[in-house]
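First comes the structure, then the notes that go with it.
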Amino acid sequence: MAQGRPTDYKPEYDELAYNYCLLGAIDDELASFFGVSKQTINTWKKKYPSFLDSLKKGKAQADAKVARSLFERACGYSHPADKIFNDNGEPLIVPTIKHYPPDTAAGFIWLKNRQPEKWRDKQEEQGTVDDLSSAISKLIDRLPN
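Just add 394 to the spot in the sequence shown (first one is 1) and you have our numbering.
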């Protein structure tokens, strides 16, 4: 029986792929990183379940972090911060809370993706709810960032 070329895959690629996906890597970038083709990445996904699992977990975790950040940006958020002052030549560190107001553009992105039938760019004339959504979308588009 003829056999193909041996694989370049190594078990330690699972962790490398997971970490690279945490940074937002897509399959094309993974292929470049490992010095293989995108087809090889797809072959590894099929042949090595642990590799596929690493990709899924890394990408899901990265997506969740971005979604959480978008949500916080859309709703507004606060976080602890330090202000540093010069007190007669000595640093004076004052703990504070930094506040960020809600961001309408981030809110619109969130709603557009979570409820596309209500928040898509192009509204179809279907009734009062769609008319209201369309009017709100137009108002949001006019707000300064």
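Glycine is no exception: its CB is placed at the ideal position from the N, C-alpha and C atoms.
Please read all numbers here as calculations on a predicted model, not as lab measurements.
Residue environment: Asp-408 is assigned as buried (16 or more neighbouring CB atoms within 10 Å of its CB, all protein chains considered). Judged by pairs of C-beta atoms under 8 Å, the region 404-423 touches the region 449-456, as three or more such pairs exist. When only Cα atoms are considered, Asn-482 and Val-488 end up about 15 Å apart. Classified as buried, Ser-531 has 16 or more neighbouring CB atoms from the shown chains inside 10 Å of its CB.
Shown here for Lys-451: same chain residues with a beta carbon closer than 7 Å to its own, the five before and five after excluded, namely Tyr-412 in chain order. Counting C-beta atoms within 10 angstroms of its own C-beta, Ala-475 has fewer than 16 neighbours from the protein chains shown and is therefore classed as exposed. Pairing Ala-499 with Leu-537 gives a Cβ-Cβ distance under 9 Å.
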